[in-house]
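What follows is one structure encoded as structure tokens, with my remarks underneath.
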Amino acid sequence: QMRRTMLTSGATVTPPSDKTAWQAQHNIDIQRVTQTAIIHELTQQQIHTIEKTVPWFLDEMPGSYFRQVPEEFRMDHLKAISAIKDANMDLHLNLQSHLEAGRAVL
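Each residue of the sequence shown is one higher than the one before, counting from 259 in the working numbering.
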């Protein structure tokens, strides 16, 4: 195997060998790193979507909605709308929240 020397900021650096200390060596570690990377990517995408959805939601929903719907339900509605927007799906929802007593609120 050929080894090359790289120059970085004027210093000579030897490229890492096949077995470097910082690289995951076991399959479980590779899976954990991959899972963490996927979670990070999805989180960043969702943050971007939520940052666009909240102002849209506040501008589009009528005043009566904010007077009649409890904050807990509004947050659930925002989560559902954001998830659908993030998945690039059509925004056709039937939002129904369930109370502890078994009642449903539309």
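C-beta: ideal position from N, C-alpha, C; glycine also.
In this text, all values refer to a predicted model and were calculated from it rather than measured experimentally.
Confirm, please, whether the CB-CB distance from Asp344 to Gln303 is below 8 angstroms.
yes
Any contact of the segment 302–320 with the segment 334–343, i.e. 3+ C-beta pairs under 8 angstroms?
Yes: at least three Cβ pairs fall under 8 angstroms.
Look at Leu336 and Phe315 and say whether their C-beta atoms are less than 8 angstroms apart.
yes
In chain order, which continuous runs of the alpha helix (DSSP H) of length 4 or greater are located wholly inside the segment 278–337?
Every alpha helix (DSSP H) of 4 residues or more that sits fully in the segment 278–337 is shown, in chain order, as 285–318, 321–326.
Work out the CA separation of His306 and Gln281 for me, nearest whole Å.
30 angstroms
Does DSSP put Ala345 in a helix, a strand or coil?
coil
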